[in-house]
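Protein chains: 2
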Amino acid sequence: MQVAVVLYEWVTALDAVGPYEVLRSMPDTEIRTVAHAPGPVMTDSGVLTLGASHSFADTPAPDVVLVPGSSRGTQAAMNDPELLAWLVSTHETTRWTTSVCTGSLVLGAAGLLQGLPATTHWLAQDLLPLVGAVPSPDSRIVHSGKIATAAGVSAGIDLALWLAGELCGREVAEAIQLGIEYDPQPPFDAGHPSKASAAVLAATRERMTASALNL
Amino acid sequence: MQVAVVLYEWVTALDAVGPYEVLRSMPDTEIRTVAHAPGPVMTDSGVLTLGASHSFADTPAPDVVLVPGSSRGTQAAMNDPELLAWLVSTHETTRWTTSVCTGSLVLGAAGLLQGLPATTHWLAQDLLPLVGAVPSPDSRIVHSGKIATAAGVSAGIDLALWLAGELCGREVAEAIQLGIEYDPQPPFDAGHPSKASAAVLAATRERMTASALNL
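Next comes the structure, spelled out in structure tokens:
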């Protein structure tokens, strides 16, 4: 089985690396990081690079495609003809075509979410209809047919574990969960707009608005 | 505030990127990835590289140091004189010296955990006494003085949120949690040895033993 994690300029690192860490642990699986060309891709901090192992052209038929989101590069990715053509083409033969955070907007820009339920970062839910998708803001993982989308950033870990269960069975997925000791104990309980205080919600919205304009 | 996330050959990507994604979102914070030299560092998949932004020499006095773990490079890191000397030297002036997973064994090899409670990946708890630390296998985050260690891999996200709370206050930490939508909903509940079935525990132990020998 071949898994391709897409990288593009200003990608959010955890969107990609959370699922990568889970999916690479599936048995008999080749994990790849794919971009226009092999080599370093800058993430949205402007500091950390993630290395692409292969080009889109060298990866014509992955079994699983995962598109991460970005706080400042989503719009550029949505307008990248080579990336969109590759998503359309690979989707014909994937077992799963998936996204994390605003990666769903990129799938949508490729025309893959027409009329389908999908999710994204809570701050970007309103943008899903612009690419023909039906927002499902209350679900952390949304799947329809062979497309699965996850909510913001850290939701990619939950998505990938669920996907490992679908692909390899529950016992394998649980062994991967144990391997990465994913027994989350967040010290606070503000990870969703429905749980955060009004002050925290306002502060987060304000902090992320500037970058959200460049989604 | 300057935060330095250490990279070394065969590092586990999520150990580094989970905390990075949280800590880089703290206000007025410069995040760095530091290694022997700037440039790509191979992770333990043998596929994904993470880019170091700075060298150890260029980063003499970070406020926060975070050492990630590895499934196959820990022992080499524990025997890396430049890394150990840098940890000893920077620890003199850090506000927090921290680790994720087997990164605590590297802190221990630098002599920083003598007589202190610490944690690591559940599979490596028995190794903590070899570097003078007192295992605390039931805690996901263990802190003593200005040293804080986290359990395996994904525990780094919980550690970093806790740390953000200590450094910037609860409201800022909650806003970061909301920003990365960290409202975990694992599809399974096998993330700790106390929760996994006997079969899953045995399979995980077997899968990780080969690499664990090269911790």
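If you read the protein sequences in the order shown, they are chains A and B.
Under numbering that gives the first Met the number 0, the residue at position 187 of the first sequence is numbered 186, and the numbers go up by one with no gaps.
Under numbering that gives the first Met the number 0, the residue at position 128 of the second sequence is numbered 127, and the numbers go up by one with no gaps.
Glycine included, each C-beta is placed from N, C-alpha and C at the ideal position.
Here A:Met25 carries a coil assignment [DSSP, helix/strand/coil]. Listed in chain order, the alpha helix (DSSP H) elements of length 4 or more contained wholly in the region 33-88 of chain B are 73-77. Interface with chain B (9 Å Cβ-Cβ cutoff): A:Cys100 is included. At least one CB atom of chain A sits nearer than 9 Å to the CB of B:Trp161. A:Glu8 is the residue among A:Phe55, A:Ser143, A:Glu8 and A:Gln124 whose C-alpha sits nearest the C-alpha of A:Arg71.
Contacts with chain B at 9 Å (Cβ-Cβ) do not include A:Val66. In the three-state scheme derived from DSSP, where H, G and I count as helix and E and B as strand, B:Thr208 is classed as helix. Chain B has no Cβ within less than 9 Å of the Cβ of A:His35. Note on geometry: alpha-carbon atoms of B:Leu6 and B:Leu160 lie some 20 Å from one another. Secondary structure note for B:Ser143: its beta strand (DSSP E) is the uninterrupted segment Ile140 to Ser143.
Within 10 angstroms of the beta-carbon of A:Ala76 lie 16 or more other beta-carbons, which makes it buried. For the region 118-159 of chain A, the continuous beta strand (DSSP E) assignments of 3+ residues that do not extend past its boundaries occur at 140-143 and 146-149, in sequence order. For A:Ala3, the uninterrupted beta strand (DSSP E) segment begins and ends at Gln1 to Val5. Measuring C-alpha to C-alpha distances from B:Gly50 to each of B:Gly38, B:Ala198 and B:Pro59 identifies B:Gly38 as the nearest. Annotation: A:Val10 is outside any beta strand (DSSP E) and is labelled neither H nor E by DSSP. Comparing C-alpha distances from B:Val2 to each of B:Gly190, B:Ile30 and B:Met25 shows the shortest one belongs to B:Ile30. When DSSP states are grouped into helix, strand and coil, B:Ile175 belongs to the helix group. Close partners of B:Tyr19 in chain A (Cβ separation under 7 Å): Ala12 and Leu47.
Contact between B:Val64 and B:Thr89 holds: CB atoms are separated by about 6 Å, below the 8 Å threshold. Exclusion of the five residues before and after B:Ala36 leaves Ala51 and Ser54 as the residues of its chain whose Cβ lies within less than 8 Å of its Cβ. At a cut-off of 9 Å between C-beta atoms, A:Val63 does not count as an interface residue with respect to chain B.
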